[in-house]
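See structure below.
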């Protein structure tokens, strides 16, 4: 636990909405190339924790360590610069842009051109580099053929691929996936499992997921949240046998 | 037949200027979801800045870019200092949606006040670089002059530049993504605050060109209370609404449609409808097709 070299570590994260405490003294850490799952019954605080890590929610307390260095919780539009990329539960593609443009948005921070040359549309070099990388990111999720389609014409599983491509194109060191398998059929889930395992060769992956078979097969470590607190953590086996976890899931009827 | 052609020429030139105003309204709407009633005031202020440059350098070709830069700067300043604060402060509660819009009305008064203080209330005059006397064919004079040609060329060039910026550059991609969903754009690493300021300054630039050309296409005189600038807001707004409020192409089409309709009404119904026709058209459009006549009909924004 005392490794200072964890890719990402948070301690004592507390978030409240009005009088309601959504997270209480939550901690977790994720090592390099590790796949870590956050699980727990509905309303346990998983998404709130994700949002706090992304600057969408301001924590009352808590410390944030990136690569062992303490820093403030990131601002949303700074996330990508810090090497963190996140997908959204509701997918969140830009419907009126093409698939390729959607992915290119994820790589905007790679453009080094200033405003003036951009205004004169003379940043062709940056532009081509970003376009090329976006195509590669699409190929990685087997969505290369979709590049020119408008994003709002895609099937649901395809939107998930594109959302992941957009996260990947920023070349994150930490990838946060919000229910990557949610709403997918058996075949797509298998594909997603494989992708996540492959990705961990290049980055750390943190995921929130309800599909237990996905969680059990890809995660090397799990944190279980219930009523805003971490009630258990460890390997899939350890967590599965933890009486506190069994009680939490049985207690909510899951 | 000759009158018919003239009516079209008048309509297209007027419509081109409406399009510019519509573009500035659309740009502000897309970047901050605010209908900016101060847009005409900002165009007026930019025109005064252009006038000042004209006084010093005695050249329209210097005055125009100065007005454009001035318009961009004024607009960016307003977004940074007023709108950002307003949107942040009014992010919750029932007033959230209207506060920034009402505030732009206040801003309009403020801008006019500033103009009156600096330049006084009397008319000043701006002269175009080329003549507004129409080309003649035989013994007939076309309602199309070197000045009108210049107006059209300028508007077309500006629109091409904006189109290239929006469709071909990464800044344009960020502008489009931020308009669709600022939250997701932010999460994807787009500096949405900067993009908003940029959207406003582009709007200011476009409004400045509209103001300058509106003025020199008229009799050249303007004051803080110029009715032309109030009409510019109305016509720009109608054109933007006709165009569906979301798209630049829509704004251009809306401007041209409006210019032609007004031109035909004035020519074939009654010239005295000048101050009535735009308002009637606005009401008709809002009642019949509030979602816009061109562009996507699907309201895609939650």
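Residue numbers (this note's numbering), protein chains in the order written: chain E, 1 to 254; chain D, 1001 to 1302. For each residue, glycine too, the CB sits at the ideal point set by N, CA and C. In this text the structure is predicted, and so the values were computed from the model without any measurement.
So, for residue i: in the same chain, excluding its five sequence neighbours on each side, which residues have a beta-carbon less than 7 Å away from its beta-carbon?
i                       : result
residue 1048 of chain D : 1115 and 1119
residue 1144 of chain D : 1009, 1134 and 1135
residue 282 of chain E  : Nothing about residue 282 of chain E can be read from this structure; chain E reaches only from 1 to 254.
residue 1297 of chain D : A caution first: residue 1297 of chain D carries a pLDDT of 43, below 50, which makes its placement in the model too unreliable to give a value.
residue 1007 of chain D : 1263, 1264 and 1267
residue 218 of chain E  : 35, 193, 196 and 197
residue 103 of chain E  : 134, 137, 138, 162, 165, 166 and 169
residue 242 of chain E  : 232
Contact defined as beta carbons within less than 8 Å: I believe residue i pairs with residue j. What is the distance between those atoms, to the nearest angstrom?
i                       : j                       : result
residue 1053 of chain D : residue 1063 of chain D : 4 Å
residue 93 of chain E   : residue 47 of chain E   : With 8 Å as the limit, residue 93 of chain E and residue 47 of chain E do not qualify as a contact, their Cβ atoms being about 19 Å apart.
residue 50 of chain E   : residue 162 of chain E  : Residue 50 of chain E to residue 162 of chain E, Cβ: 20 Å. No contact.
residue 1248 of chain D : residue 1163 of chain D : 7 Å
Would you mind reading off the limits of the beta strand (DSSP E) that contains residue i?
i                     : result
residue 88 of chain E : It is not in any beta strand (DSSP E) - residue 88 of chain E carries neither H nor E in the DSSP assignment.
residue 16 of chain E : 8-17
residue 71 of chain E : 69-71
residue 62 of chain E : 61-66
residue 35 of chain E : 35-39
Would a C-beta distance cut-off of 8 Å place residue i and residue j closer than the cut-off?
i                       : j                       : result
residue 199 of chain E  : residue 175 of chain E  : yes
residue 189 of chain E  : residue 211 of chain E  : yes
residue 54 of chain E   : residue 21 of chain E   : no
residue 1130 of chain D : residue 1147 of chain D : yes
residue 1252 of chain D : residue 1159 of chain D : yes
residue 1042 of chain D : residue 1209 of chain D : no
residue 1235 of chain D : residue 1151 of chain D : no
residue 1188 of chain D : residue 80 of chain E   : yes
residue 226 of chain E  : residue 83 of chain E   : no
residue 77 of chain E   : residue 1098 of chain D : no
residue 216 of chain E  : residue 248 of chain E  : no
residue 101 of chain E  : residue 1161 of chain D : no
residue 108 of chain E  : residue 1170 of chain D : yes
residue 157 of chain E  : residue 184 of chain E  : yes
Note down, in chain order, every chain E residue with its Cβ under 8 Å from the Cβ of residue i.
i                       : result
residue 1125 of chain D : Near residue 1125 of chain D there are no residues of chain E at all, since even the closest Cβ is about 32 Å away, more than 8 Å.
residue 1292 of chain D : Within chain E, no residue comes near residue 1292 of chain D; the closest Cβ sits about 15 Å away, beyond 8 Å.
So with CB distances below 9 Å, who are the chain D contacts of residue i?
i                      : result
residue 178 of chain E : Near residue 178 of chain E there are no residues of chain D at all, since even the closest Cβ is about 11 Å away, more than 9 Å.
residue 97 of chain E  : 1173, 1176, 1177 and 1180
residue 170 of chain E : 1188 and 1189
Which stretch, first to last residue, makes up the alpha helix (DSSP H) that contains residue i?
i                       : result
residue 1021 of chain D : 1002-1032
residue 229 of chain E  : No alpha helix (DSSP H) contains residue 229 of chain E, which is instead part of the beta strand (DSSP E) from 229-234.
residue 27 of chain E   : No alpha helix (DSSP H) contains residue 27 of chain E, which is instead part of the beta strand (DSSP E) from 20-30.
residue 1163 of chain D : 1146-1168
residue 204 of chain E  : Residue 204 of chain E -> not in any alpha helix (DSSP H); beta strand (DSSP E) instead, spanning 204-208.
residue 1218 of chain D : Run containing residue 1218 of chain D: none; DSSP gives neither H nor E here.
residue 221 of chain E  : First-last for residue 221 of chain E: 221-226, but that is the beta strand (DSSP E), not the alpha helix (DSSP H).
residue 1184 of chain D : 1182-1187
residue 1056 of chain D : 1039-1057
residue 174 of chain E  : It is not in any alpha helix (DSSP H) - residue 174 of chain E instead sits in the beta strand (DSSP E) that spans 174-178.
residue 1258 of chain D : 1248-1264
residue 1078 of chain D : 1060-1078
Under 6 Å Cβ to Cβ from residue i, same chain only, skipping five residues before and after it: list those, please.
i                       : result
residue 1040 of chain D : 1229, 1232 and 1233
residue 127 of chain E  : none
residue 1036 of chain D : 1028 and 1104
residue 1255 of chain D : 1015, 1018, 1019, 1022 and 1239
residue 11 of chain E   : 27 and 63
residue 244 of chain E  : 231 and 232
residue 1024 of chain D : 1039, 1203, 1206 and 1207
residue 1107 of chain D : 1038
In chain E, which residues lie with their C-beta within 7 Å of the C-beta of residue i?
i                       : result
residue 1268 of chain D : Per Cβ cutoff of 7 Å: no residues; residue 1268 of chain D is ~39 Å from chain E at best.
residue 1192 of chain D : 77
Starting from the beta carbon of residue i, find every residue of chain D whose beta carbon is closer than 7 Å, and list them in chain order.
i                      : result
residue 158 of chain E : Result: empty, since nearest Cβ-Cβ is about 17 Å, beyond 7 Å.
residue 175 of chain E : Under the 7 Å cutoff, chain D gives no residues; its nearest Cβ is about 13 Å from residue 175 of chain E.
residue 101 of chain E : 1173
residue 130 of chain E : 1170
residue 237 of chain E : In chain order: nothing, as chain D lies at least about 34 Å away.
Is residue i near the ligand FAD, with its Cβ less than 7 Å from a heavy atom?
i                     : result
residue 82 of chain E : In the structure shown, the ligand FAD is absent, as is every other ligand, since no ligand is present at all.
In its own chain, which residues sit with a C-beta less than 8 Å from the C-beta of residue i, not counting the 5 before and 5 after it?
i                       : result
residue 1223 of chain D : 1121, 1122, 1123 and 1124
residue 204 of chain E  : 7, 8, 30, 31, 32, 33, 34, 35, 36, 173, 174 and 175
residue 1200 of chain D : 1027, 1028, 1031, 1032, 1075, 1076, 1078, 1079 and 1083
residue 182 of chain E  : 89, 209, 210 and 211
residue 5 of chain E    : 31, 32, 67 and 68
residue 1112 of chain D : 1041, 1044, 1224 and 1225
residue 201 of chain E  : 33
For a contact defined as C-beta to C-beta under 8 Å, what are the partners of residue i on chain D?
i                      : result
residue 104 of chain E : 1170 and 1173
residue 166 of chain E : 1188
residue 79 of chain E  : 1187 and 1189
residue 108 of chain E : 1170, 1173, 1174, 1188, 1189 and 1190
I want to verify the contact list: residues of chain E whose CB lies under 9 Å from the CB of residue i, in sequence order.
i                       : result
residue 1184 of chain D : 88, 92, 93, 94 and 105
residue 1157 of chain D : Here the premise fails: no neighbours, minimum Cβ distance about 13 Å.
Name the chain A residues that come within less than 8 Å of residue i, Cβ to Cβ?
i                       : result
residue 1071 of chain D : This model lacks chain A altogether, as its protein chains are E and D.
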